[in-house]
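For reference, each letter of the sequence shown is one residue, going 1 to 199 in this note's numbering. Heads up, the beta-carbon is just placed ideally off N, CA and C, and yes, glycines get one too. Model, not experiment: these values are computed from the prediction. Following: one structure in structure tokens, then a few remarks.
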Amino acid sequence: MAETNPALNSVRKTTMGATFPYWAKVATDVTGAMPTYESGTEFSEFVKVTENLQKAESQFYSNDALSESADEFKYCEITFDNKGVPNTLKAALYGAKLDGNRITYGAGDNPPMGGFAFYRVLQDNGTKYYEGVFYPRVKASLTGMTYDTKGENVTFNGEQTKLIAYATKTTAQEWKIEEIFATADEALAWVKEQLGITA
1 MAETNPALNS VRKTTMGATF PYWAKVATDV TGAMPTYESG TEFSEFVKVT ENLQKAESQF
61 YSNDALSESA DEFKYCEITF DNKGVPNTLK AALYGAKLDG NRITYGAGDN PPMGGFAFYR
121 VLQDNGTKYY EGVFYPRVKA SLTGMTYDTK GENVTFNGEQ TKLIAYATKT TAQEWKIEEI
181 FATADEALAW VKEQLGITA
């Protein structure tokens, strides 16, 4: 693990890109501890990640004024645009059945909990930095596909993978963790470390 560098906390996070997404199936997920993972794998190729944060919100008025309010995390919907997910990973993500080259999706499939991580590239005053992003507890949500015919011009389309990020079972209830580094090698090592990937 890289040594702490307080100066990195002053980096203005102008984003240049993101890459090296990894996913790993949760092995243990007990109250009071962070999840542990089975062997992880590279998760297709990165195009874009979009978060849609879902919160429980409520307000109470008394004496003609707002006197109480609540704003609590429920879960976060993640849309991961990627180059395309191979059948081996799709079966693991969605709990689908893979038999030879045939993948079968059943109404009773139960997607497992997993971890999802990648790093993004930043720049501040011409200097590059690298920030790891880690969602400790995510579950894939199967969505419908769009199939297009070939038109006058060749058009490439990747895939979208929907993930739901949940809070951990620790006291802090982490749902996302970020850490900034000076080098890409440090950031990639951190991504793999979060998911227990040693090779």
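Q) Hey, out of Asp185, Pro136, Glu45, Met34, whose CA is closest to Gly84's CA? A) Glu45
**Q.** Integer Cβ distance of Lys13 from Leu122, believed to fall under 8 angstroms
**A.** 5 angstroms
Q) Can you round the beta-carbon distance between Thr168 and Met16 to whole angstroms, since I take them to be within the 8 angstroms contact cut? A) No, Thr168 and Met16 are not in contact; Cβ-Cβ is about 30 angstroms, not under 8 angstroms.
Q: Using the Cα positions of Ala165 and Leu195, report the straight-line distance between them to the nearest angstrom.
A: 15 angstroms
Q.
Looking at Glu77: is its Cβ nearer than 9 angstroms to the Cβ of Asn110?
A. no
Q: Return the residue from the list Gly126, Val138, Ile103 that minimises the CA-CA distance to Pro112.
A: Val138
Q. Looking at Thr79 and Thr161, is the spacing between their C-beta atoms short of 9 angstroms?
A. yes
Q. Would the region 178-186 and the region 117-135 be scored as touching if the rule is three or more Cβ pairs under 8 angstroms?
A. yes
Q. Quick one: what's Tyr130 bridged to in DSSP?
A. Val121, Phe181
Q. Near Phe73, what residues of its chain come up, given a Cβ to Cβ distance below 7 angstroms and the 5 sequence neighbours on each side ignored?
A. Lys55, Ala167, Trp175
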